[in-house]
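In numbering that gives the first Met the number 0, the protein residues as written are 0 to 68.
Working notes, beginning with the structure itself.
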Amino acid sequence: MIDKFHVIKHLLDALQQVRKQLKTQYINQETILVKAIRMNNKHTGAILNYWSAAAIFFSKCKMNGRKMN
Numbered sequence: 000m001i002d003k004f005h006v007i008k009h010l011l012d013a014l015q016q017v018r019k020q021l022k023t024q025y026i027n028q029e030t031i032l033v034k035a036i037r038m039n040n041k042h043t044g045a046i047l048n049y050w051s052a053a054a055i056f057f058s059k060c061k062m063n064g065r066k067m068n
């Protein structure tokens, strides 16, 4: 005969394992998200630098009287 105590103990152990797995999965996904945000910020920064350089170049061309066509 199966003891109720052992059944409850096995259920609690199983729940504990699931909690650990979910916590690990959450931490891993959070790490991936942080890396993606950092990569996006670097990419956005590069794009802003490019557009800033282009704006400076074109403003200098206008000051020198060059045509843009």
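Note that CB positions come from ideal geometry on N, CA and C, so glycine has one too.
Residue i to residue j, Cα distance in whole Å?
i: Gln15; j: Asn27; result: 18 angstroms
i: Ala13; j: Lys3; result: 15 angstroms
i: Thr23; j: Ile55; result: 48 angstroms
i: Tyr49; j: Leu11; result: 57 angstroms
i: Leu32; j: Met38; result: 10 angstroms
i: Leu21; j: Glu29; result: 12 angstroms
i: Gly44; j: Val17; result: 40 angstroms
i: Ile46; j: Tyr25; result: 31 angstroms
Got a sec: does the ligand NAD put a non-hydrogen atom nearer than 8 angstroms to the Cβ of residue i?
i: Ala52; result: No copy of the ligand NAD appears in this structure; indeed no ligand is present at all.
Every unbroken alpha helix (DSSP H) inside the region 9-58 [4 residues or more]: You should have found no qualifying run.
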